[in-house]
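Per the working numbering, the sequence shown starts with residue 225, numbered consecutively.
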Amino acid sequence: MPDVFQIIAPELLLFACGVTVLAGFVKGAVGFAMPLVMVSGMGILIDPQLVVAGIILPILISNGWQVARAGMGQAREAVAEHWRYILIVCVMILITTQFVRVIPADLMFIVLGVPVVALCIVQFAGWRPRIAPTLRRPFEWLAGLLAGILGGLAGTWGPPTVLYLLALATPRDRQMSVQGVIYMLGSVMLFAGHLQSGILNAQTWPFSALLLLPALVGMWLGFRLGDRFDQERFRRVTLFVLIFAGINLIRRGVMG
């Protein structure tokens, strides 16, 4: 394995592992937000392109775990019902990942920070869109387009997906399995896209691989302890923290 300390200092690697444990815990407890926590947390101190590389393998493996935990039967049903949304998300992730390396560092901080802040504010406000059945098909394409662009550039398509499922009045007990499938397939596209873009390469993949263990430990703790928390209060505290972290990313991008 290449020496990971050639691209990141030991103290920053330790910091990244701590953020990743927290991100895994949040995902295990509430079912999403791992990339939001990792991007906004690690982005405080670490180069944004390295942050994007670092989240790839933890997101891929953790989403696979989430799908397996929900059961493959529900996964097949989710694909059959939401294939249009899944298709456009996956295609747009593949396309937009190719632009990450050409975005200047300051602009990349803004690209990472703005979606974090905007999506958290939308969720914190409790906005619940409602779509008439006659508008479902165009809404699927439009929502998938937005989610795929955010996924390719910032590695996070979870909050748009949550809003999409809420707009379709998807039952709460079904949302987790549907989310797992969409996140899993999207993370496969993120992995493939960044192999092609060069973000995930011989120098950066060891960093992403080293974050797998803290991600899975955090997720396991989230599964075990999540039911003991007031889910709504925990979610709101998480969103508050993410908003402030996202604002800091935007500040770095604006001030240089």
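C-beta atoms are modelled at their ideal positions from N, C-alpha and C, and glycine is treated no differently. In this text the structure is predicted, and so the values were computed from the model without any measurement.
No beta strand (DSSP E) of 3 residues or more sits fully in the segment 371-452. In the three-state DSSP reduction, Leu-463 falls in the helix class (H, G or I). The continuous alpha helix (DSSP H) containing Ala-253 extends over residues 234-254. Distances from the CA of Met-266 to each of Leu-389, Leu-238, Met-413 were compared; the closest alpha carbon is that of Leu-238. A contact between stretches requires three or more CB pairs, one per stretch, nearer than 8 Å, and the segment 374-384 meets this requirement with the segment 258-276. Look at the beta carbons and you see the segment 312-328 touching the segment 356-372: at least three pairs across the two are nearer than 8 Å. Under the three-state reduction of DSSP, Gly-267 is assigned to coil, being neither helix nor strand.
Close CB contacts of Phe-229 within its chain, under the 7 Å cut and outside five residues either way in sequence, are absent.
Cβ-Cβ distances below 7 Å link Val-250 to Ala-257, Met-258, Val-261, Gly-446, Thr-462 in the same chain, with the five nearest sequence neighbours on each side left out; the list follows chain order. When only Cα atoms are considered, Ile-312 and Trp-365 end up about 7 Å apart. Burial of Val-245 is indicated by the presence of at least 16 other C-beta atoms within 10 angstroms of its C-beta.
No Cβ-Cβ contact shorter than 8 Å links Val-412 with Val-303. Here Val-478 is exposed. Its C-beta has fewer than 16 other C-beta atoms within 10 Å. By the criterion of a C-beta distance shorter than 7 Å, Ile-310 is surrounded in its chain by Val-303, Ile-406, Leu-409, once the five residues flanking it on both sides are discounted. Counting C-beta pairs closer than 8 Å gives three or more between the segment 459-474 and the segment 334-353, which meets the contact rule. Check the Cα spacing between Ile-327 and each of Gln-420, Phe-363, Gln-273, Val-254: the tightest is with Gln-273. In the DSSP assignment, Ala-349 falls outside any alpha helix (DSSP H) and carries neither an H nor an E.
In this structure, the straight-line span from the alpha carbon of Asp-271 to that of Ala-233 is close to 12 Å. Comparing C-alpha distances from Trp-429 to each of Val-275, Ile-268, Gly-248 shows the shortest one belongs to Val-275.
Across the set Arg-457, Ile-471, Arg-360, Leu-437, the C-alpha of Leu-437 shows the shortest separation from the C-alpha of Gly-278.
Take Val-263, set aside five residues on each side of it, and the residues of its chain with a beta-carbon closer than 7 Å to its own are Val-275, Ile-279, Leu-336, Val-340, Ala-378, Gly-379, Thr-380, in chain order. Of the residues assessed, Pro-282 falls on the buried side of the cut-off, its CB having 16 or more other CB atoms within 10 angstroms. In this structure Leu-435 is not in contact with Ala-253, their Cβ atoms being roughly 19 Å apart against a cut-off of 8 Å.
Our two residues, Arg-360 and Arg-398, have alpha carbons roughly 18 Å apart in a direct line. Each residue's CA atom was taken as its position, placing Thr-321 and Ala-247 some 22 Å apart.
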